[in-house]
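Counting from 0, one number per residue, gives the positions in the sequence shown under our numbering.
Where a beta carbon is used, it is the ideal one built from N, C-alpha and C, also for glycine.
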Amino acid sequence: GGFAYAALLYATAGGNGSGAKLNPAVSTALFVARAIEGDVFAAELAAQFSGALVGFLLWTGCTPERFEEYAPALPYHLENYQDLGDLAGASLREAVLTFSLALTILATAVDVHNRAYTRPFSPLAGGLAV
């Protein structure tokens, strides 16, 4: 997972300091840190959510019609979370790990004090954070 994400980051690295064009949370962090302009931020979010919608539509088109029969057996299906504590814990872990990824990208790709040393490695650091 992490190595594939690093490869995708290398493939989509741009000249505006972002490089993590795949994650809306990272784009939001870059916008809040004033590393990207508002129009670039809006374009990135539009592209990211459009890509998510296309992916969902492709998944829906490729999923068997009998998906409802075997979906409850999937380990991450929402109905398998009988206790809301499990769901809250998973949400907390997701928030912490997303913050870790955004912080890693900000520290390696955006920080002007050490950009010369860390920028070439920012996709790798982002992939390892994932």
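Alpha-carbon spacing of residue i relative to residue j, whole angstroms
i, j, result
"glycine 16", "aspartate 85", "The predicted model places glycine 16 with a pLDDT of 47, which falls under 50 and marks its position as unreliable; any figure quoted below should be read in that light. Approximately 37 Å, taken between the alpha carbons."
"alanine 24", "serine 99", "11 Å"
"serine 26", "valine 129", "16 Å"
"valine 111", "threonine 62", "46 Å"
"alanine 87", "arginine 33", "31 Å"
"asparagine 113", "phenylalanine 2", "23 Å"
Beta carbon of residue i nearer than 8 Å to that of residue j
i, j, result
"alanine 101", "alanine 28", "yes"
"alanine 124", "threonine 97", "no"
"phenylalanine 40", "phenylalanine 30", "yes"
Residue i burial status per 10 Å Cβ neighbour count (16 or more: buried)
i, result
"threonine 59", "exposed"
"glutamate 64", "exposed"
Nonlocal neighbours in the same chain, by C-beta distance under 7 Å from residue i, ignoring five residues either side
i, result
"serine 121", "Gly18, Ile104, Thr107 and Ala108"
Terminal residues of the alpha helix (DSSP H) in which residue i lies
i, result
"threonine 59", "37 to 61"
"valine 31", "23 to 31"
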